[in-house]
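Order-wise, the sequence lines are chains A and B. Numbered per the UniProt record's numbering, the first sequence finishes at 452, counting up by one with no gaps. Numbered per the UniProt record's numbering, the second sequence finishes at 452, counting up by one with no gaps. Ideal placement from N, C-alpha and C gives every residue a C-beta, glycine not left out. Okay, structure first, notes after.
There are 2 protein chains.
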Amino acid sequence: MVAMGLSKGNQTGVQQPAMSEEDFSCVDVAEFDAISINLKPKPSEKYPGKLHAQSVAKRLGSKQGLIYLPSKKSCNYEDSDQEVFFRQRRYFYYLSGVDLPNCVVTYNIEKDSLTLFIPPPNSGTSVIFNGSSPTPEEIKAKYDFDAVELTTALPDFLTHFAHREKGMIYVLHPYQIPPKSTIMQSITLEDGCQSNLYIPPWETSKLQPTMDAARTIKSPYELKMIRKANEISAQAHLNVLRGIKHFKNEAEVEAVFAATCIARQAKRQAYGIIAGAGENASTLHYVANNEPLEGRQLLCLDAGCEWDCYASDVTRTFPISGAFTPEAQAIYDLVAQMQEECIAMCKPGVNFRSIHLHAHAVAAAGLMKLGLLHNGTFDEIFKSGASVAFFPHGLGHFLGLEVHDVGDGTNSLLSTHAKSWLTNFHSILQDPSSSSVSVLAPNMVITIEPGM
Amino acid sequence: MVAMGLSKGNQTGVQQPAMSEEDFSCVDVAEFDAISINLKPKPSEKYPGKLHAQSVAKRLGSKQGLIYLPSKKSCNYEDSDQEVFFRQRRYFYYLSGVDLPNCVVTYNIEKDSLTLFIPPPNSGTSVIFNGSSPTPEEIKAKYDFDAVELTTALPDFLTHFAHREKGMIYVLHPYQIPPKSTIMQSITLEDGCQSNLYIPPWETSKLQPTMDAARTIKSPYELKMIRKANEISAQAHLNVLRGIKHFKNEAEVEAVFAATCIARQAKRQAYGIIAGAGENASTLHYVANNEPLEGRQLLCLDAGCEWDCYASDVTRTFPISGAFTPEAQAIYDLVAQMQEECIAMCKPGVNFRSIHLHAHAVAAAGLMKLGLLHNGTFDEIFKSGASVAFFPHGLGHFLGLEVHDVGDGTNSLLSTHAKSWLTNFHSILQDPSSSSVSVLAPNMVITIEPGM
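And the structure:
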């Protein structure tokens, strides 16, 4: 979603998806110049929370311990009776696949046991207003847990772990440790004696970087979800293109995009829809989408829905009238060339920084050819970083449970919001392979989205 | 949004709107059995923040002091780089009309002076990503402030007030008092001496109930906003009715409703769209909206957009096939009768509790006529509260900056989420005029939404 989006082709580069042909078929959508994937999901397939937990545990390097992740809580807006828009905590979702509030998931590393704790079913007036909430049995049938308990059983569960099992309890942040009252209690042992709770060390620093690393490598199930989200977004882009000649305002573009996604059960966008006409297209994260189309040449539509918490990210720029001017066509073709050559470079083992540099090399050469950069040799112009003025943002980012998905390390070029891209450019130029975190690996999902 | 919505007619009863015929025209929308209002807003009209501030000050009963209201801050989701969906604090909006984050509005009661503080304009990379933010001059031209300053001027402003002016600083909640570092500083007086800041008493209990009381009586500008929101929602309901025969799933209903609002620049819903088919219609706040329409008789659509932070609330139930069964028609007509008779009772000075009781009287009589309640006289059946089993929720609520807008007192019947409606019913029955807060007054805006 960062690119200005003078781009074409399928923007999402998936590395060696581990999927068989049975899972989906690729269909070339000629009028959109994109690949649409027809998914044939098995309805019985469950979210692979356990597989993900095992991947995290392996990277934690400990054979004992408990991973403890609370879900997002439901709450109302301040001074209001309206519920806050619910967005699940992604780390909780990665181990559970559950999009409900007020739950906890735990993974016992030694026992290889994944347990979900859900709130007690609602009753009385709450049922009249909100319907009935799922029971442990319903959750167990639908998901891949070894056990499903009520949250009321959590204190005893933690007490038991603290007394009887070895290892630390891994949490993302100190504030996610349950309140002392939940875990500081005496228990009656099997011999009838009372015992005070042994508080195991809470480990608060290792879990997040470990989960971030695990999350960069997508499981086959995750790849399907991301493809499904992108498929719906592609349909939504197509519907906008079909209607664009009749639209009067950017708001109608947003409306058609959102409606296409909602009608296909993708109720949430992965990020705010960006539908910028004319000069609005040059604000990368423009979200007002409320200005007339008349008298404006191009529209940049950067929008992608979520599918079961997995993000898509598709950006396209097109002429509102249906035809490019020669100038716009020239820039469009140059960005398309940047994108296509960069996508072709995406292979396991390649450092993403060198791909980013290549995009700038294509940009510099193209801008020289168009006469927009001159007074120097290619080498001089390229090394000056002049192309950064035209392409001032990242080339792409990880895509997954976040549209800018978590990466393995904080300095990854896949992070999009660097303070100064010119500084970035020069640091990459000095050492394109400087950081190991930018090396592509099988089953990473990244975007390639140059822009101008 | 609480009613099950077997209702017809314009659901929003506006008491004596103080608007001239120039402001809008009413058009009967025959196919929807509703009144659509064509608004002709004057584009130059400014949000009446000062008028609202004066109304609050008058009710505070103090001739001195400063009202201090911070806006909602912008922030990202936890462990994510995605910005949290922005919903302005309603109390801040009521005195400012400004839908931007990280601002503060103050009203000096003695000086009758309304000041907005905005963050310094963004610069550098932020402009590339987010565009330029408004300057004080742009804000001043667009809104009704005596002064617009940068938030960097706030410490001096508060220091000056504390030193030079009289009265308390009124805040909604203790946590909205600015941090001590902002206000605990020494200043240089005109005679050159240093002086430590005099901290005025922060008043944290009076502002909220006073503003709640002020907000129950809508200004002419507010009435226009609410009418505009309802007009767009009516169009969205119409578009659903036009398409319903072609839809396969509740999700398409949600899509068409949302798209109609977004295309008309009403980007936000006042509450989650409720589109429940068949038995889903009996969950009052059903929001999944993801089940097939096939084989289901009725659809309940309870949905209303926001317009400039003002809510609408429209509920309709209709047959998916286009024709009611005789049974559904009978219940529909009964609820329509409840609604129409209750709307006719809405006059200044009438206690809302007596209107609620009347709805139950109509319900009891109607259900007896249909043979659904029997084995008793009307009086016995009515007094037993048996109709509460069919109509288990409030008759309506205030509508304004919240869909369930704030009221004057916590026990108002206009509040919708009472724990037990049967208990409520019996308490009203004993004393229909028991609470003064339920008395209707000119320019209140309420919903009348019986359901079954």
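- Listed in chain order, the positions of the segment 61-83 of chain B with a beta carbon within less than 7 Å of a beta carbon of chain A are 77, 78, 79, 80, 81, 82.
- Under the 7 Å criterion on CB atoms, residue 397 of chain B is classed as non-interfacial with respect to chain A.
- In this structure, residue 219 of chain B sits near residue 48 of chain B, with a CB-CB distance shorter than 7 Å.
- CA-CA distance, residue 397 of chain A to residue 448 of chain A, rounds to 8 Å.
- Residue 315 of chain A and residue 98 of chain A have their C-alpha atoms some 29 Å from each other.
- Rounded to the nearest angstrom, the gap between the Cα atoms of residue 311 of chain B and residue 207 of chain B is 23 Å.
- Taking a contact as a CB-CB distance under 8 Å, the pair residue 266 of chain B and residue 305 of chain B counts as one, their CB atoms being some 4 Å apart.
- Here residue 364 of chain B is buried. Its C-beta has 16 or more other C-beta atoms within 10 Å.
- Sequence-ordered contacts of the segment 279-309 of chain A with chain B read 283, 284, 285, 286, 290 [C-beta pairs closer than 7 Å].
- At a cut-off of 7 Å between beta carbons, residue 448 of chain A makes no contact with chain B.
- Rounded to the nearest angstrom, the Cβ distance from residue 303 of chain A to residue 329 of chain A is 23 Å, too far for a contact under 8 Å.
- In this structure residue 262 of chain B does not touch residue 263 of chain A by the C-beta definition: roughly 13 Å separates them, more than the 8 Å allowed.
- Pairing residue 71 of chain A with residue 102 of chain A, the inter-Cα distance amounts to about 6 Å.
- Shown in chain order are the members of the segment 230-254 of chain A whose Cβ falls below 7 Å from a Cβ of chain B: 251, 252, 254.
- The three-state reading of DSSP puts residue 430 of chain B in helix, counting H, G and I together.
- Under the rule that a run must span 3 or more residues, the beta strand (DSSP E) segments found entirely inside the segment 79-163 of chain B read 104-108, 113-118, 147-150.
- For residue 316 of chain A, not one C-beta of chain B is nearer than 7 Å to its own C-beta.
- Proximity of the segment 240-253 of chain B to the segment 326-346 of chain B falls short of the contact definition, fewer than three beta-carbon pairs being nearer than 8 Å.
- Burial is judged here by how many other beta carbons sit within 10 angstroms of a residue's own beta carbon; residue 106 of chain B has at least 16 and is buried.
- Using a 10 angstroms sphere on the CB of residue 120 of chain A, the tally of other CB atoms stays under 16, which defines it as exposed.
- The alpha-carbon of residue 426 of chain A is positioned some 14 Å away from that of residue 379 of chain A.
- DSSP, read as helix, strand or coil, puts residue 425 of chain B in helix.
- Here residue 275 of chain B carries a strand assignment [DSSP, helix/strand/coil].
- Taken in chain order, the complete alpha helix (DSSP H) segments of 4 residues or longer contained in the segment 334-418 of chain B are 352-369, 378-384.
- Looking at B:126, B:84, B:110, B:144, the one whose alpha-carbon comes closest to that of residue 93 of chain B is B:144.
- Residue-level contact by beta carbon holds for residue 85 of chain B and chain A, with a gap shorter than 7 Å.
- Interface flag for residue 53 of chain A against chain B is unset, since no Cβ pair is found closer than 7 Å.
- Chain A places no beta carbon closer than 7 Å to that of residue 203 of chain B, leaving this residue out of the contacts.
- Here residue 269 of chain A is bridged, per DSSP, to A:305.
- The Cβ neighbour count for residue 160 of chain B, taken over all protein chains shown within 10 Å, is under 16; the residue is labelled exposed.
- Using a Cβ-Cβ cut-off of 7 Å, residue 392 of chain A counts as an interface residue toward chain B, since at least one Cβ of chain B sits closer than that to its own.
- Put simply, the CB of residue 358 of chain B is far from chain A, with every gap to its CB atoms at 7 Å or more.
- Assigned with DSSP and collapsed to three states, residue 450 of chain A falls in coil, not helix or strand.
- The DSSP-derived three-state label of residue 439 of chain A is strand.
- Measuring C-alpha to C-alpha distances from residue 319 of chain A to each of A:338, A:138, A:297, A:443 identifies A:297 as the nearest.
- Among the residues facing chain A, residue 45 of chain B is not included, as its CB has no counterpart in that chain under 7 Å away.
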